[in-house]
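Asker: Submitted below is the structure of interest, expressed as structure tokens.
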Amino acid sequence: MIDIYNSLAGIVGEQYVSNHKEERYFYGRDPGLTPPHEPDYVVMPETPEEVQQIVKLANKEKIPIVPKGGGLALTGLVVPQKGGIVIDMKRMGKILGVNEKSRYVIVEGGVTHGMLQNYLKKHHPKLRHSIPDSPAIATVVGNAVIHGQGRLTQQYGFNSDMVSGLEVVLPTGEICRIGSCSISSQHWFSKGAPWPDLSGLFLGWFGTTGIITKLGLRLYPCKKMRDVMVFLTDKIELVPDIVLKLTHTEMAEDIVLNEQPLPPRMKGNIYILTIITGDSDEELDFKRKIIWDALWDIFESRDGGFLSVPADMKPPLLEMPSRDVVRFADVKKGGGFEYSGPIIPLEKYPEFITKQKELVSKYNLSYSATSRVIAGGHCMMYAFAFTFNRADDDEMDRIRKALREAAQFTVEQGGMMWKPTIEEQEMIMEKMDPNTLNIMKKIKELLDPNGIMNPGNWEA
Amino acid sequence: MLQLNFDPAKCAVCKTQDCLVKCQYLRLDKDKAKTEMQKIINGEDSFVLHDCATCYACEEYCKMGNHPFYLIVERQEEKGILPAPRSVATMWVNQCEPRGRFTVGKVEERALSFCSIPIFPFWVTGKLFDGIASSYIMGEEFFCNAVFLHYAKMSVIKDRLPKAIENIKNLGIKELICLHDECYGTFNSLAPAYGIEVPFKTTHYFEYLHNKLKELKDEIKPLNVKVAYQRPCSNRLSPKTQHFVDDIFNLIGAHRVKREYVGENALCCGEVIRMGQGYKIADDVQKRNMDDMVNAGAEYCVFNCPMCYLSIGDKVTKRGLKPIHIIDLCKMAIDEKPRPEV
Amino acid sequence: MKEYTKQIHRCFRCGYCKFPSDYSDFNCPSYARFRFDTYSTSGRLWLIYAWLKGEIEWSEHLAEILYTCTTCKNCVEQCPMKFASDIVDWIVAARSDTMEKEKGRIPPAVSSFLEDVYRLGNPLKERGRRDAWANGIKRYETGDEYLLYVGCLGSYDESGQRMARSVATLLSKAGISFGILGNEENCCGNEVYLLGENELFRMLAEKNVQKFKELGVKKVVTLSPHAYNTIRNNYPLVSNAYFEVYHYTQLLRGLLRENKIKPSGHNAKVTYHDPCFLGRYNQIYDEPREILQSIPGVELVEMERSRENSFCCGGGSGNFVTDLLAGSKESPSRIRVREAYETGADILAVACPSCMTMFQDAIKVEELEDKLTVKDISQVVAESL
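Chains as they are written, first to last, in the numbering used here: chain U, 31 to 490; chain P, 17 to 358; chain F, 208 to 592.
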């Protein structure tokens, strides 16, 4: 019987492996509502080779592995369902280089969004990346792997669409390169096109098909100034049209919608925040006018209007990442929130708001309905977000029920649950075209024949 | 049911129709002004009700004290005419709703009112507010509610203002020093216009500052700066307080530049106009206002109202002027630091 | 203290506590050292809550996690929540609570620290006189303007003693009326407070306050920011006697402004490390910088993480003795001296004897002795006269 602990210590060094109760407790939980499942070991490698050795060991001994970044999906995706080894990737924190002309960066598997933003501001101020609203400790790879969204998603798609290459440790221990870097280690400008796009075997699979140790990420122009325009309407049914008009202008960076009962000034309206960027006042003024003109009819009809935001109230709206997002967790003075954030077509927005209010009333919950427009309006992320006091079991239970109903509603409406919990994954797989599901099963079996990779997830 | 003290007979004998003739946005001649005003008095529709910029100026222009602007607001509400998008009005109604939160200091018979503006506590420091800074009231429970004049919501004012006055009275306040010009205007113009009794003395903070500066006369070092004054819309409700601006400036050595848009001809900050009428009118108003300040050679743009300050302070900076609230300007004159940047 | 049990579950483990404001690097010293999420503030708070609920039992490992927090307050500075200012208080309260409930099963080095303070009056295992370094320094007499409070490191640690002499010399040169307590001085108790030993802290504080009152002390100026912090902020919790408390950099700045000390020149590139107990604890950031910038020839360069984002030397909460964060190239003091070196500075200026001793050791281990020197601010000034 092999001594796993000492084998792991032999790979990463004793100070970077733990089987203490404390680490197992903490890494067996996340800030959301997923029931805890503790790993047997937590290990922190520094190189792809160390990751490879861990994976080979796990494969040989048939021990589950869960790669973990920031652990901030809130839907329990890195809570190890079957024990085993949690690999905390954050020691692999090097930014390997930026190609300014082709606008991409290559990062190791544990680089945080916060550090990437800082690095670019300091060394490549004309470039930026699509930073999500999750706290700064969220990793670039983790966020991409769950198809996260960020400040540039309205313009350029999911954060995973911005991936430009991968280095992956397969479940069977081989290291391989995906995309343009598969034929040239220096060029990381494409994750697949114009060839068969193998990145699809890894993005969105929650670590069940391999561990990403390097990632290429597209960067985008960083303008000198940013400003926010706030449009309010009390007519839910107008929202899809408003978003269509806004996105038609092609002037916006991020477009985020908020509907929530608190603070009092937000009650009764839907807040549509449009962020604009520019290298000069003239550029910003121009964009402001185009956006005003786009919504002029609605403004004139009095069904919606722009709110003049005082200068001192703008920074929280523009902040990257937005700290206000985590403050939602303390509304009940209890340190918790979780959300179901389905991806839905724009025209379904009114139905989803209506459903949320129904759930809030039925289960007596504190909520926020946040949405982000994706890829010029081809779809949007709608968040059924609820905040709870983690010392109130009854409240947590009511939210679990509400989220379950929200997920069922999403399935009925043809929406796609984003970063689905295990339970939601089952709902999806039940509704999915059986032949499609079969492909997923085959891929998993092919890549992970021993079923060690984050087991419990996407199990058809 | 509160009724506006409006007398049609006064309008009937009015020779000038100044209310609408002097209007900076509608620019009507005397005949047109008389016709439209009559429609409004009669309760008929008029384009005036739709195009009003809600700048409050006609309250000042009317030499009969007949409250043309309050009448306009009443008619707008009766007819469901919205001077701004509904959602913006809703935002204000919800934001300012009293919710049992009494934010008070060590309230004495003489107290400061911060209205509902959270910047004020940072400003009332130093010798100018020595001995009174801790005696204050702030928040929705004491809010003057005048902002609803911009949103055709006189009914909200009628509902909430008497309660706010009651709350102030219940604290035993005998003299309220209004730091927000709009509160002073509410208690001295809006409340009487509806027969609402104000059972305490109100002092405009200009008067308070002027008296305080006189006390500290020996500590004043003349600033020797050129200033432009940004007159807020609310000051149209209490035009008699305008002389204090010059009194204060004279004491502290601030030289007021010669402007076109001054006194009765002043231009408001424009942000309420932006939300109600759109960017074209607002941009025009702001450009003319700031061009005027710059062309007159001002170094500072001195604000009375913090909302004006927050709305256009940045824009004024971009035009090369230094935005400053009059309280901070007075502090500079007695060698005290202005408030830390929020 | 019990309040923390009702609040500590509010941590959302968002992780902002790990970073400085600009996310340039990890700024929590214990997280930077150990890298398990459990060693960051959110880990600590979740584990304390788990212990309170009985979900985990007290253990040596949990004790290590709890006591490797240097109470630097980076988390207090960065946490976006309304309870941010309470976080370190919760950790200190949990230390008291666990010490009581787990019958003192704390890391041996911490036990030893507290016992030494109790029995010897200092944590450095020194048995000699506290004023052995202080030849020629006047003892405080009633009527002297300032009591110069030297502290344990200033009294017994070699570099601390050099600091003490240098400060005392400058004050004398400037004609300031002051004296020291000499052998009658007691440990200030800052670390004892932070380690959660309330009774011992109370005893030390009351003894010191009694001594100050007897001598009619009105103004105290301290060598160490630790003493500054505790006498100013924690002593009023146990006594209602009032003293004006200063850190020596506050006085020194005044003396330079009034030309009572006139530095002539010192050609050097200097970077200044903000100590936690002056900076984040008490918002004193400008005085030390003004002092350095008033010396002709000194070029002040800032480290990337400075002022409220300063990266803790790793010495707080008694760690300058217990050394719980030692033993790795990622020990905080080593990280920090590498950061100082990268600025191109010749001198790493400090205002705290604890930072001084941590950095001197780190510079040796990092083999930077020829390239970077740690000096206390008073020494930089003294050398420029």
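For each residue, glycine too, the CB sits at the ideal point set by N, CA and C. These numbers come from a predicted model, not from an experiment.
Beta-carbon separation of F/Glu352 and F/Phe385 under 8 Å?
Answerer: Yes, the Cβ-Cβ distance between F/Glu352 and F/Phe385 is below 8 Å.
Asker: If I measure Cβ to Cβ from U/Glu435 and keep anything under 7 Å in the same chain, skipping five residues before and after, which residues do I get?
Answerer: Only Leu389 meet the Cβ criterion.
Asker: Less than 8 Å between the CB atoms is what I'm expecting for F/Ala556 and F/Leu499, so what's the real figure, rounded?
Answerer: With 8 Å as the limit, F/Ala556 and F/Leu499 qualify as a contact, their Cβ atoms being about 6 Å apart.
Asker: In the DSSP output, which residue or residues are listed as bridge partners for U/Asn288?
Answerer: DSSP, once it has assigned bridges, lists U/Tyr301, U/Thr400 as partnering U/Asn288.
Asker: If contact is defined by three or more beta carbon pairs under 8 Å, each pair taking one atom from either stretch, is the segment 241 to 259 of chain F in contact with the segment 43 to 59 of chain U?
Answerer: Taking 8 Å as the limit for Cβ pairs, the verdict is that the segment 241 to 259 of chain F does touch the segment 43 to 59 of chain U.
Asker: Using a 10 Å radius around the Cβ and a threshold of 16 neighbouring Cβ atoms, would you call P/Asn379 buried or exposed?
Answerer: Not covered by the structure: residue 379 of chain P. The range shown for chain P is 17 to 358.
Asker: Would you decide whether U/Trp326 is buried or exposed? Buried here means 16 or more other CB atoms lie within 10 Å of its CB.
Answerer: It is exposed - the Cβ of U/Trp326 has fewer than 16 other Cβ atoms within 10 Å.
Asker: Does the distance from the CB of P/Thr218 to the CB of P/Asn227 come in under 8 Å?
Answerer: Cβ atoms of P/Thr218 and P/Asn227: not closer than 8 Å.
Asker: What's the gap between the Cα of P/Lys338 and the Cα of P/Ala349?
Answerer: For P/Lys338 and P/Ala349, the distance between alpha carbons rounds to 16 Å.
Asker: Can you check which of these residues, F/Leu430, F/Phe408, F/Ile294, F/Tyr256, is closest to F/Val324 by C-alpha distance?
Answerer: Closest option to F/Val324, Cα to Cα, is F/Phe408.
Asker: Which residues in the same chain have their Cβ closer than 6 Å to the Cβ of P/Cys285, if we skip the five residues on either side of it in sequence?
Answerer: Correct list, in chain order: Cys324, Ser327, Ile328.
Asker: DSSP three-state call for F/Gly311: helix, strand or coil?
Answerer: Looking at F/Gly311 - three-state DSSP - the assignment turns out to be coil, as it is neither helix nor strand.
Asker: What are the start and end residues of each continuous alpha helix (DSSP H) run of 4 or more residues lying completely inside the segment 111 to 199 of chain U, in chain order?
Answerer: Taking only runs of at least 4 residues, the alpha helix (DSSP H) segments lying wholly in the segment 111 to 199 of chain U are 143 to 153, 170 to 175, 183 to 186.
Asker: On the premise that U/Ile482 lies in contact with U/Lys92, defined as a C-beta separation below 8 Å, what is that separation, rounded to the nearest angstrom?
Answerer: About 6 Å; that satisfies the 8 Å criterion.
Asker: Please decide whether U/Asp360 counts as near chain F, where near means a Cβ-Cβ distance under 8 Å.
Answerer: By this cut-off, U/Asp360 is an interface position.
Asker: Return the residue from the list F/His268, F/Thr277, F/Asp304 that minimises the CA-CA distance to F/Ser538.
Answerer: Nearest C-alpha to F/Ser538: F/Thr277.
Asker: Cβ of U/Trp322 less than 8 Å from any chain P Cβ?
Answerer: It does: the Cβ of U/Trp322 has a partner Cβ on chain P nearer than 8 Å.
Asker: Kindly indicate if chain F contains any beta-carbon less than 8 Å away from that of U/Ile167.
Answerer: Yes - at least one Cβ of chain F is within 8 Å of the one on U/Ile167.
Asker: Helix or strand or just coil, what does DSSP make of F/Gly299?
Answerer: Looking at the sequence provided, one finds Val at residue 299 of chain F rather than Gly. DSSP places F/Val299 in helix when its eight states are reduced to three.
Asker: Could you confirm whether any beta carbon from chain F is found closer than 8 Å to the beta carbon of U/Ala103?
Answerer: Taking Cβ atoms only, chain F never reaches closer than 8 Å to U/Ala103, which makes this a no.
Asker: How big is the Cα-Cα spacing for U/Lys112 and F/Leu259?
Answerer: Computed Cα separation, rounded: 27 Å.
Asker: How would you label P/Phe319, buried or exposed, when you count the other beta carbons within 10 angstroms and need 16 or more for buried?
Answerer: That one is buried.
Asker: When the Cα atoms are used, what is the spatial distance from U/Leu150 to U/Val135?
Answerer: U/Leu150 and U/Val135: Cα-Cα distance of roughly 9 Å.
Asker: For P/Phe159, collect the residues of the same chain with a Cβ closer than 8 Å to its Cβ; drop the 5 residues on either side in sequence, then sort them by chain order.
Answerer: Around P/Phe159: Cys112, Pro114, Cys131, Ser132, Arg176, Ala180.
Asker: Could you tell me which chain U residues have their CB closer than 8 Å to the CB of F/Phe484, listed as they occur along the chain?
Answerer: Here the premise fails: no neighbours, minimum Cβ distance about 26 Å.
Asker: Look at U/Ile117 and U/Gln83 and say whether their C-beta atoms are less than 8 Å apart.
Answerer: Against a cut-off of 8 Å, the Cβ pair of U/Gln83 and U/Ile117 comes out as no contact.
Asker: Give, in chain order, every residue of the segment 277 to 298 of chain U whose Cβ lies closer than 8 Å to some Cβ of chain F.
Answerer: Taking 8 Å as the Cβ-Cβ cut-off against chain F, none of the residues of the segment 277 to 298 of chain U qualify.
Asker: Give the residues of chain U in contact with P/Glu287, contact being defined as C-beta atoms less than 8 Å apart.
Answerer: What P/Glu287 touches in chain U: Ser338.
Asker: How many angstroms separate the CA atom of F/Gly350 from the CA atom of F/Gly335?
Answerer: Rounded to the nearest angstrom, the two C-alpha atoms are 29 Å apart.
Asker: Is the segment 484 to 493 of chain F in contact with the segment 528 to 536 of chain F, if contact means three or more CB pairs nearer than 8 Å?
Answerer: No: the two stretches stay apart, fewer than three of their Cβ pairs being nearer than 8 Å.
Asker: Tell me, to the nearest whole angstrom, how far the beta carbon of F/Gly450 is from that of F/Lys414; I am working on the premise that it is less than 8 Å.
Answerer: Looking at the sequence itself, residue 450 of chain F is Phe, so the reference to Gly does not match. Not really, about 15 Å apart at Cβ, beyond 8 Å.
Asker: What are the boundary residues of the alpha helix (DSSP H) that includes U/His408?
Answerer: Where U/His408 is concerned, there is no enclosing alpha helix (DSSP H), given that its DSSP letter is neither H nor E.
Asker: Taking the C-alpha atoms as reference points, what is the distance between P/Val358 and U/Asp342?
Answerer: Summary for P/Val358: the model assigns pLDDT 41, below 50, so the residue's position carries little reliability, and this model does not support an answer.
Asker: Cβ closer than 8 Å: which chain U residues qualify as neighbours of P/Asp330?
Answerer: Under the 8 Å cutoff, chain U gives Ala341.
Asker: Quick one: which chain P residues come within Cβ less than 7 Å of U/Asp257?
Answerer: The contacting residues do not exist; U/Asp257 stays about 10 Å from chain P at best.
Asker: Flag U/Arg357 as yes if its beta-carbon sits less than 8 Å from any beta-carbon of chain F, otherwise no.
Answerer: Yes, its Cβ sits closer than 8 Å to a Cβ of chain F.
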